[in-house]
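First comes the structure, then the notes that go with it.
Numbering (this note's numbering), first residue to last: 30 to 210.
The structure is reproduced here in structure tokens:
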């Protein structure tokens, strides 16, 4: 069974201050998606996209969008953004319950715990949380921390983060392997 991957966008994939999420919202609201090709080329960092693709190719995860973008955009809009940014593989493998429940007091750790409680109890799957140090801060010092890769703001999902993510998933998927020490 494939693992779950809770995926944040800002400061994980979207790290360029010239291309904030507001530009995506504006393009979607105006319906002028084809008029901003530079947005789709630059909104998500190239290295971060490549690293996510490498993780995808190794583990074939099912994605749950943990980004604030999921509170502003529909599933169809998120999929359109992913398609335009050469990340169709994420859109293709999004969970039916594709986003966090966003509780009344938004806290990433509580939202992920609630999602796991609702959707990962009967047949538990390994999981990974890709977040950033700011919005992912509530994950620190919880049981979720051991499953989290927290990316530095403006650096995104780096090669070092990829190695950490692979280690977390490999340890859950093959806990007896000597390579997981």
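Don't be surprised by glycine CBs; every beta carbon is placed ideally from N, CA and C.
*Since residue 162 and residue 182 are thought to touch, with beta carbons under 8 Å apart, how far apart are those beta carbons, to the nearest angstrom?*
6 Å
*Quick one: give me the first and last residue of the beta strand (DSSP E) that residue 128 is part of.*
123-128
_Residue range of the alpha helix (DSSP H) that includes residue 55_ = 50-59
*Look at residue 103 and residue 160 and say whether their C-beta atoms are less than 8 Å apart.*
no
*When 46, 203, 189 and 204 are compared against residue 211, the one with the closest alpha-carbon*: Nothing about residue 211 can be reported from this structure: the residues present for the chain run from 30 to 210 only.
*Per-residue DSSP class, three states only, for residue 4*: It is not possible to answer for residue 4, since the shown part of the chain is limited to 30 through 210.
*First through last residue of the alpha helix (DSSP H) which encompasses residue 76*: 75-88
*Return helix, strand or coil for residue 35, following the three-state DSSP convention.*
strand
*Collapsed DSSP secondary structure at residue 178 in the structure displayed*: strand
*Where residue 128 falls, given that 16 or more other Cβ within 10 Å makes a residue buried*: buried
*Cβ-based neighbour list, residue 209, same chain, cut-off 8 Å, excluding 5 preceding and 5 following*: Note that residue 209 scores a pLDDT of 48, beneath 50, so its modelled location is shaky and nothing firm can be said.
_For residue 42, the first and last residue of its enclosing beta strand (DSSP E)_ = First-last for residue 42: undefined, no H or E at that position.
*Nearest candidate by alpha-carbon position, reference residue 178, set 45, 35 and 30*: 35
*What does a CB cutoff of less than 7 Å around residue 86 pick up in its chain, not counting 5 residues either side in sequence?*
none
*Which class does residue 157 belong to by DSSP, given the choice of helix, strand or coil?*
strand
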